[in-house]
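Participant: Provided herewith is a single structure, encoded as structure tokens, for subsequent inquiry.
Chains as they are written, first to last, in the numbering used here: chain W, 1 to 484; chain R, 485 to 575.
Dropping the structure here:
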């Protein structure tokens, strides 16, 4: 009999013992099992590997591991006492005291050591667990099945179907998607967001499929889900970020201990290649926009140039060594929480200042470079992230400048006379209307300059990530805590 | 054979027949939607002039922002009031 999904075999009343021959502890406890058969409770033995083990005890072969899977056997031997079809007690491995307690019999295993650990159950064997998960749990997945003929190259087939961002993707098989779903406690059919531009509901399952394709590990999935939630709303306005002719995409800044735990890079080459978590989380979000939302370049995506970060632009903040509160916390997240901030950003550019050792001089450099963002005459319309490298941050740390002070000092240097900004000034036709020539105007709106600490330990460099149309007219950065 | 899970929204695109092109715009209501981009009004003012000369009854509409789709109510208003749409994209 092959057990199908969701039909957990009912355990017989009495004592149920799950063993495998390969396990030395199981072999050691065979005399104890024989002893138990003389007791008051009926004994049922399930064997995972050898159908004839233990000899002469009438063991039932759990050949498809259905009993082991559905009853969460992680270690053999496992002893379960069952009453009225319900489990009332359990022990794993060999411990005389535990076995005597669960079986309600005394004097077990005379001559055996007091205790000995068991072995891993076959049902949690890494080589088997993915296929078992599909066999016993696949009906929870609702996505259409696409069959790729054996003569077909599955990677080419996925390119042909338009599922990729131009790079190869991992084939989203049921095994891989089920494994991905172990990364979250949320149900596969849970609706996460409405994804533009087609305004389609996206479920946890569809996000997991795209996360597999992007190359994510299961532990990255909560970050991908949170990022999808963070961009798919009227505040962040991913529709506009996608559709614009400007070269922007969702930039994802991750904060908190969880970002370190999944191995994200906040240090050397922080925006670059080589880190799986950074690259695949951002990529998964973009694949969701493409595949679920229907947002593709040349269609609703009208970018004049785009930027390489539209494949993936995701990185971690170095909040451990930062002289400042993390960005997410500064934007309202619970202190110490895992959280991410999404920002509509272009590619990063470098700010070089190798001489400044005082915060005023360094702030002058930052202000001068930020002034040119998008156009030296552009004001108020665009936000920016200033990613301060550790060597630059040290200058501020030594001067005792906190996050607010740094932002205020830079903004104070970006109060620009209207005469420099009006149309035609400095021989540049672009500019603001002439009637503002006597005004003094800020480069950034309040809250429009975001500060992040990240980058390698060597190099007196920082980076600017320019934004897109800000505020209600365009996009607001969104910070969201990550939940499992 | 490999079985993959479909990563897309699995929607089938429905096609709708276009209404026939009118012989003339005289007496027809033409909607012009300003998407709220800078200087779009300059272009639309001139377009309104030309269409009015052709006998069309021109009505003007405006999106709150160019970065977001037109609100449902606005789309409904245009659909119920106008017989002709001029579709164009500019930047």
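Ideal Cβ placement from N, Cα and C applies to all residues, glycine included. Here the structure is a predicted model, which means the values were calculated and not measured.
For the stretch 168-179 of chain W against the stretch 257-271 of chain W, are there 3 or more C-beta pairs whose distance is under 8 Å?
Facilitator: no
Participant: At a cut of 8 Å, does the stretch 397-415 of chain W reach the stretch 366-378 of chain W through at least three beta carbon pairs?
Facilitator: The stretch 397-415 of chain W, when compared against the stretch 366-378 of chain W, does touch it at the 8 Å Cβ threshold.
Participant: Note down the Cα distance separating residue 530/R from residue 304/W, rounded to an integer number of angstroms.
Facilitator: A straight-line Cα-Cα distance of about 27 Å links residue 530/R and residue 304/W.
Participant: Any contact of the stretch 243-254 of chain W with the stretch 332-342 of chain W, i.e. 3+ C-beta pairs under 8 Å?
Facilitator: By the C-beta criterion, the stretch 243-254 of chain W is judged to be in contact with the stretch 332-342 of chain W, since at least 3 inter-stretch pairs fall below 8 Å.
Participant: Where do the ends of the alpha helix (DSSP H) carrying residue 453/W lie?
Facilitator: It is not in any alpha helix (DSSP H) - residue 453/W instead sits in the beta strand (DSSP E) that spans 449-453.
Participant: Residues of chain W with a CB under 8 Å from the CB of residue 552/R: which are they?
Facilitator: 234, 237, 239, 240
Participant: Should residue 479/W and residue 345/W be called a contact, given that it needs their Cβ atoms to be closer than 8 Å?
Facilitator: no
Participant: When you check each C-beta in the stretch 488-515 of chain R against every C-beta of chain W, which residues fall closer than 9 Å?
Facilitator: Flagged, chain order: 488, 489, 490, 491, 492, 493, 494, 495.
Participant: Thinking just about the alpha-carbon of each residue, which of 360/W, 269/W, 59/W, 465/W is nearest to the one in residue 372/W?
Facilitator: 465/W
Participant: Measuring only between beta-carbons, confirm whether residue 470/R sits less than 8 Å from chain W.
Facilitator: Absent from the structure is residue 470/R, since the part of chain R shown begins at 485 and ends at 575.
Participant: Of the residues 65/W, 106/W, 484/W, which one's Cα is nearest the Cα of residue 130/W?
Facilitator: 65/W
Participant: What three-state label does DSSP hand residue 278/W in the structure shown?
Facilitator: helix
Participant: Under a Cβ-count criterion, where at least 16 other Cβ atoms within 10 Å of its own Cβ denotes burial, should residue 569/R be classed as buried or exposed?
Facilitator: By the 16-neighbour rule on beta-carbons within 10 angstroms, residue 569/R is exposed.
Participant: When the Cα atoms are used, what is the spatial distance from residue 60/W to residue 31/W?
Facilitator: Between the alpha carbons of residue 60/W and residue 31/W lies a distance of about 18 Å.
Participant: What does residue 314/W pair with, by DSSP beta-bridge criteria?
Facilitator: 252/W
Participant: With distances taken from CA atoms, which of 359/W, 432/W, 269/W is nearest residue 401/W?
Facilitator: 359/W
Participant: Look at the alpha carbon of residue 439/W and the alpha carbon of residue 468/W, and state the distance between them as a whole number of angstroms.
Facilitator: So the two alpha carbons sit approximately 24 Å from each other.
Participant: Where are the beta strand (DSSP E) runs, 3 residues long or more, that stay fully inside the stretch 407-454 of chain W, in chain order?
Facilitator: 415-417, 440-442, 449-453
Participant: How should residue 463/W be labelled, buried or exposed, when 16 other C-beta atoms within 10 angstroms of its C-beta is the threshold for buried?
Facilitator: buried
Participant: What residues in the stretch 170-182 of chain W have a beta carbon less than 7 Å from any beta carbon of chain R?
Facilitator: Of all residues in the stretch 170-182 of chain W, only 171, 172, 173, 174, 177 come within less than 7 Å of chain R when Cβ atoms are compared, listed by chain position.
Participant: Taking the straight line between their C-alpha atoms, what separation do you get for residue 39/W and residue 29/W?
Facilitator: 16 Å
Participant: What residues of chain R sit near residue 145/W, judged by a beta carbon separation below 9 Å?
Facilitator: Going along chain R in sequence order, the residues near residue 145/W (Cβ under 9 Å) are 487, 488, 489, 490.
Participant: If you draw a straight line from the C-alpha of residue 15/W to the C-alpha of residue 184/W, how long is it?
Facilitator: 34 Å
Participant: Looking at the unbroken beta strand (DSSP E) that takes in residue 345/W, where does it start and where does it end?
Facilitator: 339-345
Participant: Report yes if the CB atom of residue 210/W is closer than 8 Å to the CB atom of residue 456/W, and no otherwise.
Facilitator: no
Participant: When the cut-off is 8 Å and only beta carbons count, does residue 564/R lie next to chain W?
Facilitator: no
Participant: Helix, strand or coil for residue 115/W? Go by DSSP, reduced to three states.
Facilitator: Reduced to three states, the DSSP call for residue 115/W is strand.
Participant: Using the rule of at least 16 other Cβ atoms within 10 Å of the residue's Cβ for burial, across every protein chain shown, is residue 237/W buried or exposed?
Facilitator: buried
Participant: By alpha-carbon positions, which one of 23/W, 35/W, 19/W, 70/W ends up nearest to residue 45/W?
Facilitator: Restricting attention to 23/W, 35/W, 19/W, 70/W, the CA atom closest to the CA of residue 45/W is found in 19/W.
Participant: Give the interface partners of residue 401/W over in chain R, defined as CB-CB distance under 8 Å, in chain order.
Facilitator: The premise fails here: residue 401/W is roughly 35 Å from chain R at the closest Cβ pair, so nothing lies under 8 Å.
Participant: For a contact meaning CB atoms closer than 8 Å, what does residue 203/W contact in chain R?
Facilitator: Per Cβ cutoff of 8 Å: no residues; residue 203/W is ~10 Å from chain R at best.
Participant: According to the neighbour-count rule (16 or more other Cβ atoms, all chains shown, within 10 Å of its Cβ), is residue 355/W buried or exposed?
Facilitator: exposed
Participant: Given residue 397/W, which residues of its chain have a CB within under 7 Å of its CB, disregarding the five upstream and five downstream residues?
Facilitator: Excluding sequence neighbours, residue 397/W sits near 323.
Participant: Can you give the Cα-Cα distance for residue 449/W and residue 386/W, rounded to whole angstroms?
Facilitator: For residue 449/W and residue 386/W, the distance between alpha carbons rounds to 7 Å.
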